[in-house]
Each structure stands twice: as C-alpha cells, then as structure tokens.
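S.K.: Got a structure for you, written out below as structure tokens; questions coming shortly.
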Amino acid sequence: MIQATKSFTLYAHLYRSVVLPVITYASEIWGIKQPAKTGKSGVHSLQQTYKNCKTEVLNLLMCRYFLGTHNRSCTLAVYGETGALPVYFEHIINGARYLNRLNEGNCNALLLETFECNKLLYDEGQNCWLSNIMQHLSLVNILPNSGKVNIKFLRKKLQKDFATYWKKELNVSTQSENPSLKGKLRTYAKFKETNQVEPYLNCLQISLRKDMARFRISAHNLSIETGRHQNIPVKDRICKLCDMNCVEDEMHFLVECTCYSHERQLLYDNAQVASANFSLLTEENKFLWLMTNENRDVIYALATYINNCFTKRNFILKTKCIM
Ligand SMILES: [Zn+2]
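The structure is reproduced here in structure tokens:
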C-alpha cells in the first residue's frame with residue numbers, strides 16, 4: 001500500500017514519524033561512533049564512519065523501495081532524487097541534545113558521575129563518548145556555547161554541509177578512475193543540480209515512477225550501463241535497435257534513436273504545448289528541458305515515453321534473440 005502511493009511526501013512523513021523514532025531509539029549512546037580520519041571535509045569523514053551503519057542501510061533501503069531501483073543503484077543519486085538526508089544526522093542531533101541535558105545536570109546522580117568520568121577521559125585525550133560527540137561537533141564546526149549546543153543551528157548546518165558534499169561528490173564521480181563508478185553519473189550530473197526531492201515522485205503511479213527513476217539514475221539496462229559492467233569501452237556500447245551506429249546512452253534513447261520515432265512524436269507534441277519554443281531547441285537542450293521540467297503533463301508524457309520505449313526495446317531484443 002505504501003509503495004503504491006503517488007506521494008513521496010506522505011511516504012517520507014510516515015517514515016519519519018513511525019520508523020525513524022524506532023530505529024534511532026537511544027542512538028545518542030550507541031549511535032555515536034569514533035569518526036574516521038579521511039583528511040577531507042567533515043561530512044566526508046562522517047559518511048565514511050557511518051556508511052555501513054545498519055540505520056543508514058535501512059534509510060537507503062526505504063528510499064530505493066519507493067524509487068523501485070535495485071540495491072546497487074548509486075547512493076549519491078538515491079539521495080539526490082529523494083532529497084533524503086543520512087539518518088546518522090539524527091544520531092548526532094540526539095547526541096547533542098543528550099550532551100545539553102548532561103551539562104545542565106538534568107539527570108540522576110549515577111549518570112552525572114559517569115559524565116564526570118567522561119570529562120576526565122576527554123581532558124586526558126582518551127577515547128570516550130564525550131570525545132566522540134565533541135569530534136562530531138568539531139567536524140561540522142559547531143562549538144557548544146557555555147556547554148550548550150544550539151540544536152536548530154546544528155540541524156541546519158548538517159543539511160547545508162551535506163548539500164555541499166553531495167554536489168562535490170557528484171562532480172567527482174563523473175571523473176572517477178574507479179572502473180565500477182567511472183562515468184556512472186555522467187548524464188545525471190548534467191541535469192541534476194541539487195539534492196532536492198524530484199516532483200515526479202509526487203505525481204506518478206508506481207510503474208511509471210519506477211521506470212522514470214531507473215532511467216534518471218542509470219539503474220537501467222541500456223548498453224551504456226550494461227557495457228560498463230562488462231568493461232566494454234564507451235564508444236563500443238552501440239545501440240542495437242537502430243542503424244545510427246550511436247552509443248546507446250540516455251540521450252540517444254530519449255531524443256535520437258529512430259526506433260522510437262512514433263513514441264517521441266507524442267512526447268514532443270506534449271512538450272510543444274508546454275513550451276512553444278521547444279521545437280527550436282537543440283537535441284541536447286531538448287533532453288535537458290525534458291529531464292528538468294516540473295510541469296505535471298510533461299512529467300507524465302516523459303514517464304509514459306520511457307515506459308513504452310523500455311517495453312518496446314525489451315520486446316525487440318527478445319524477438320531478435322529468438323530469431
Ligand atoms: Zn538507437
């Protein structure tokens with residue numbers, strides 16, 4: 001029922017109000033780990049520290065479940081499409097709230113005594129809960145004012161630092177030398193600017209939403225992606241459905257391939273209604289215009305095109321295989 005909803009906003013609200021309080025319960029204690037030293041930005045160190053944390057794995061699973069993409073779909077793109085934030089941010093915020101409470105002395109004598117022991121360990125430079133939470137705060141440049149952390153400011157700072165980290169990593173991933181990542185988000189980085197939730201997640205039915213998400217974040221089986229897994233050079237990942245001798249990437253599929261001319265005409269008719277200048281755009285700009293458009297009619301027409309063309313492609317390739 002939850003996956004079938006057309007509203008990611010509702011899904012995210014249910015997740016935040018029902019699931020999140022359960023999975024982060026008492027995370028101010030068990031959820032504060034010793035930060036990894038990466039020598040890079042604060043959020044980069046935190047990502048390394050918590051990437052295998054079970055709450056973070058579940059967080060991404062919930063996002064992928066709604067998108068309908070496989071478990072290996074790129075994490076950065078999943079964050080990008082849903083506007084989701086890492087769940088360990090809640091650990092840190094809970095930890096900072098707890099620190100405030102301890103500093104105010106608003107707890108029992110045993111807890112206060114334990115806190116005093118932590119302070120001694122912290123002053124001696126030893127690893128303890130207090131040293132870990134202080135390192136977290138230091139990584140995002142938050143210093144407690146008279147022993148008190150401004151929680152509202154901390155939340156905003158984490159969100160802002162994550163947006164900067166996300167954009168930087170997206171650019172880095174397009175130039176990655178790691179063969180499993182190389183070029184993975186090359187197309188995505190062209191049209192996705194910020195880690196904000198995409199409008200199509202709040203208006204499409206499940207089958208269209210899944211195809212749209214898979215197409216956008218390269219979790220599909222076009223040659224550009226299957227060839228990457230087989231280590232085939234990019235120039236040799238040719239489209240098998242037309243005789244254009246072009247690389248079958250997202251742009252070829254959407255605005256070039258002659259196999260989908262009929263379906264494309266229907267899409268372009270809708271685009272023309274939304275913008276009278278659409279036909280004047282170059283192929284690349286048509287692609288970018290379609291992928292970034294927030295008009296519901298255009299979103300629906302685009303998702304229908306992707307859905308119909310994926311079906312057509314699978315049928316033709318299957319038939320060719322049998323013959
Ligand atoms: Zn083609």
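The sequence shown: position 34 = 34 (my numbering), numbered continuously. Cβ atoms here follow ideal geometry from the backbone N, Cα and C, with glycine treated the same way. Predicted, not measured: the structure shown is a model, and the values here were computed from it.
#1: Taking the beta carbon of His13 as the centre, do at least 16 other beta carbons fall within 10 Å, making it buried, or is it exposed?
#2: Assign Val172 to buried or exposed, taking buried as 16 or more other Cβ atoms, counted over all protein chains shown, within 10 Å of its Cβ.
#3: Quick one: what's Val247 bridged to in DSSP?
#4: Distance check for Thr292 and Asn231, CA to CA, integer angstroms please.
#5: Using the three-state DSSP reduction, which class does Asn118 fall into: helix, strand or coil?
#6: Where do the ends of the alpha helix (DSSP H) carrying His44 lie?
#7: Verify the contact flag: Thr311, CB atom, against every heavy atom of ligand 1, threshold strictly below 8 Å.
#8: Which residue's Cα is closest to the Cα of Tyr200: Ala109, Val273, Asp211 and Asn103?
#9: Is Pro179 buried or exposed, if buried means 16 or more other CB atoms sit within 10 Å of its CB?
#10: Excluding sequence positions up to five away, which residues of its chain have a Cβ less than 7 Å from the Cβ of His70?
#11: Would you give the residue range spanned by the alpha helix (DSSP H) that Lys190 belongs to?
#12: Hey, Leu36 and Thr24: beta-carbon distance below 9 Å or not?
#13: Any chance you could list the residues with Cβ under 5 Å from a heavy atom of ligand 1, keeping chain order?
#14: Ordered along the chain, which non-local residues of its own chain (more than five positions away) have a Cβ less than 8 Å from that of Phe8?
#15: By the 10 Å Cβ neighbour count, where 16 or more other Cβ atoms means buried, how is Phe89 classified, buried or exposed?
#16: Hey, is the segment 90-97 in contact with the segment 145-163, meaning 3+ C-beta pairs nearer than 8 Å?
#17: Grab me the residues of Val87's own chain with a C-beta within less than 6 Å of its C-beta, minus the 5 sequence neighbours each way, in chain order.
#18: Within this structure, are the beta carbons of Ser275 and Trp289 separated by less than 9 Å?
#19: Output needed for Tyr15: all residues of its chain with C-beta closer than 7 Å, excluding positions within five of it in sequence on either side, in chain order.
#20: Are the beta-carbon atoms of Leu137 and Leu120 separated by less than 9 Å?
#21: Rounded to whole angstroms, what is the Cα-Cα separation between Asn132 and Asn141?
#22: Quick check: what's the CA-CA separation for Cys128 versus Val247?
#23: For Leu110, count neighbouring C-beta atoms within 10 Å of its own C-beta (all shown protein chains included) and say buried if the count is 16 or more, exposed if not.
#24: Out of Arg209, Tyr305, Phe115 and Ile299, which one is the CA nearest neighbour of Cys259?
#25: Jot down the residue ranges of each uninterrupted beta strand (DSSP E) in the segment 16-91, minimum 3 residues, whole runs only, in chain order.
#26: Quick one: grab the DSSP three-state call for Pro179.
#27: Can you tell me where the alpha helix (DSSP H) holding Phe153 begins and where it ends?
#28: Suppose you measure from the CA of Arg101 to the CA of Glu116; what does that come to, to the nearest Å?
#29: Work out the CA separation of Val43 and Pro144 for me, nearest whole Å.
#30: With respect to the alpha helix (DSSP H) encompassing Gln265, which residues constitute its N-terminal and C-terminal limits?
#31: Per the DSSP calculation, Asn145 is bridged to which residue(s)?
#32: Under 8 Å by Cβ, that's how I've got Arg237 and Ile224 pegged, so tell me the actual separation to the nearest angstrom.
M.R.: Inspection of the coordinates gives the following:
#1: exposed
#2: exposed
#3: Ile238
#4: 30 Å
#5: helix
#6: Gly42 to Tyr50
#7: no
#8: Asp211
#9: Residue placement at Pro179 cannot be trusted, given a pLDDT of 49 that sits under 50; what the coordinates show is reported in the next sentence. With fewer than 16 Cβ atoms within 10 Å of its Cβ, Pro179 is classed as exposed.
#10: Ala219
#11: Arg186 to Phe191
#12: Note that residue 36 corresponds to Ala in the displayed sequence, not to Leu. Against a cut-off of 9 Å, the Cβ pair of Thr24 and Ala36 comes out as no contact.
#13: Cys239, Leu241, Cys242 and Cys257
#14: Phe66, Thr82, Val197, Leu201 and Asn202
#15: buried
#16: yes
#17: Thr55, Glu56 and Asn59
#18: yes
#19: Met62
#20: no
#21: 14 Å
#22: 54 Å
#23: exposed
#24: Tyr305
#25: none
#26: For Pro179, the pLDDT reaches just 49, beneath the cut-off of 50, and the residue's location in the model is therefore unreliable, although a value from the coordinates is still provided. Note: Pro179 maps to coil in three-state DSSP.
#27: Ile151 to Thr174
#28: 14 Å
#29: 19 Å
#30: Ser261 to Ala274
#31: Lys148
#32: 5 Å
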